[in-house]
Structure formats: C-alpha cells, structure tokens
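**Student:**
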Amino acid sequence: MALATRTERQPSMTRTFWRSTVGKKTVMALSGLIMLGYLVAHVMGNLKIFFGPGEFNAYGHWLRTMGAPVLHHSWALWIVRVVLLAAVTGHAVSAYQLSRRDIKARPTAYVHKRPRASYATRTMRWGGIILALFIVWHILDLTTGTVHVGGFEEGRPYQNVVDTFSTWYGNVIYIVAMLAVGLHVRHGFWSAAQTLGAGNARRDRALKAMANGLALALTAGFVSVPVAVMTGVVS
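Numbering that gives the first Met the number 0 puts the first residue of the sequence shown at 0, with every later residue one more than the last.
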C-alpha cells in the first residue's frame with residue numbers, strides 16, 4: 000500500500016504577520032493614527048459650537064449629507080463609523096494581546112519600577128479602559144440619546160450638548176476622558192512613530208514636541224466646550 004504524504008498547510012503571510020509582535024505593534028500604530036485623524040477632525044467640528052446653534056446644527060446636518068448626491072443620506076457617516084470601529088477594535092485587541100504576551104514573558108513583576116517610565120506610559124492601559132467606557136457613554140448620550148438628560152432632540156446637537164454639560168456628572172465624565180485622551184495621544188503618537196520607523200536620534204526631540212503639542216491642543220479643544228457651557232459662554 001502506497002504511503003501518502005501530506006504537506007502541512009502553511010499559515011498565510013497575513014496571519015504570520017498578525018501573530019508576530021512587530022505585526023501587532025504595527026496594527027496598533029496604524030489604527031492609532033486613524034483614530035488620531037478622527038480626533039483632529041472631531042475637535043474642529045466641536046469648536047463650531049462657539050459660532051452659535053445655527054452653525055453647529057448645520058454641521059451636524061452636514062455630517063449626514065456629506066458625499067451627496069453620490070452617496071445616500073448618512074452613508075458617508077456610516078463608512079466613517081465602520082472604519083473607526085475597525086480601528087478601535089484592532090487597536091484594543093493588539094494592545095490586549097501585547098500586554099498578555101509581555102506578562103507571560105516576565106511573570107514576576109519588577110521589584111523596582113523603571114524611573115524613566117513617564118506617567119503617560121504607566122497609565123496607558125487604564126487610559127485605554129477609561130476611553131473605552133467613555134465611548135460607550137458618549138454614544139448613548141449624544142448619538143442615540145439613551146442616557147441623555149433634558150430630552151434628546153434629534154437634529155439639534157447644539158441643545159443636546161448644552162444639556163449634557165449642564166450636569167456636573169456630564170462634565171466630570173467628559174473632562175476625565177479628555178485628560179485620558181491627552182495622555183494617550185502624547186505617548187501613542189511618539190510610539191507609533193518609532194514603530195513605523197519615523198523616529199531616530201535626530202528626530203526624536205521634534206517628534207516628542209509634536210506629540211506634546213497635539214496632546215495639549217486636543218485636550219484644550221475638547222475641554223473648552225464643557226467649560227464654555229459651565230461658564231455661560233455657550234448656552
């Protein structure tokens with residue numbers, strides 16, 4: 000009886016790349032840059048609230064009609080949401096798996112913490128958890144209106160934002176989350192640059208300055224909205 004030989008199926012290049020530490024770090028870096036681009040666009044849109052309800056509500060309407068007449072109502076918005084969801088999922092899964100891999104590599108914790116580790120580096124994990132919880136709350140508050148106070152009004156984002164930031168807990172949740180965003184961006188931007196090969200001895204100082212500048216600008220831009228509502232500048 001002839002013996003049949005069976006060649007084992009080799010894993011695809013994509014699967015091999017994903018399983019590697021370099022692959023997971025690359026996914027984290029690219030997905031992080033996608034989310035950073037979204038944050039920049041989002042804060043620019045949020046700042047339109049300072050131009051009054053007419054402009055801010057018109058911006059909210061444009062988000063649902065962008066791409067027209069080529070795309071139907073809200074199609075472009077849903078494309079953005081799907082891409083963003085894929086980026087968040089890839090980022091979170093990569094971060095979790097890299098964390099588990101790191102723990103397995105050194106099951107015994109260090110006796111002394113590394114003094115050179117920055118505060119942002121040490122809090123990346125908790126910052127990610129805070130942001131994940133915030134995203135759920137933010138969607139339920141200002142997108143679906145499920146947990147919104149004061150009566151959610153479809154098509155009137157200006158009034159909905161004012162309602163949210165008229166409560167103490169709405170301000171606390173949002174400001175804490177935006178501080179976490181700042182820390183996450185500050186460390187994540189520089190780490191992404193290193194992963195993608197953009198960093199070197201000459202550019203490190205400039206990259207760190209860019210990371211600090213982006214983190215500060217985003218945090219200040221996002222936090223300015225609840226502060227404006229609390230102080231009556233926006234009402």
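We put the CB at the ideal spot given by N, CA and C, even for glycine.
The structure presented is a predicted model; accordingly, all values stated were derived computationally and were not measured.
1. I'd like the list of long-range same chain contacts for L218, defined as Cβ closer than 7 Å, with 5 residues on each side in sequence excluded.
2. Between which residues of its own chain and W17 is the CB-CB distance below 8 Å, once the five residues before and five after are set aside?
3. Thinking C-alpha only, which one of R185, T166 and V21 is nearest N211?
4. If I follow the unbroken alpha helix (DSSP H) through E54, where does it start and stop?
5. Smallest Cα separation from L35: which of H183, Y58 and I48?
6. From this set, G150, A94, V135 and M229, which residue's C-alpha is nearest M123's C-alpha?
7. Here's a check: name, in chain order, each residue in its chain whose Cβ is nearer than 7 Å to the Cβ of L46, leaving out the five neighbours to either side.
8. Taking contact to mean at least 3 C-beta pairs separated by less than 8 Å, is the region 147–163 in contact with the region 199–214?
9. Going by alpha carbons, who is nearest to T20 out of A192, L130 and Q96?
**Tutor:** Once the coordinates are examined:
1. According to the sequence displayed, residue 218 carries Thr and not Leu. Within the same chain, T218 has close Cβ partners M177, L178, V180 and G181.
2. K23 and V26
3. R185
4. P52 to T64
5. H183
6. A94
7. G220
8. no
9. Q96
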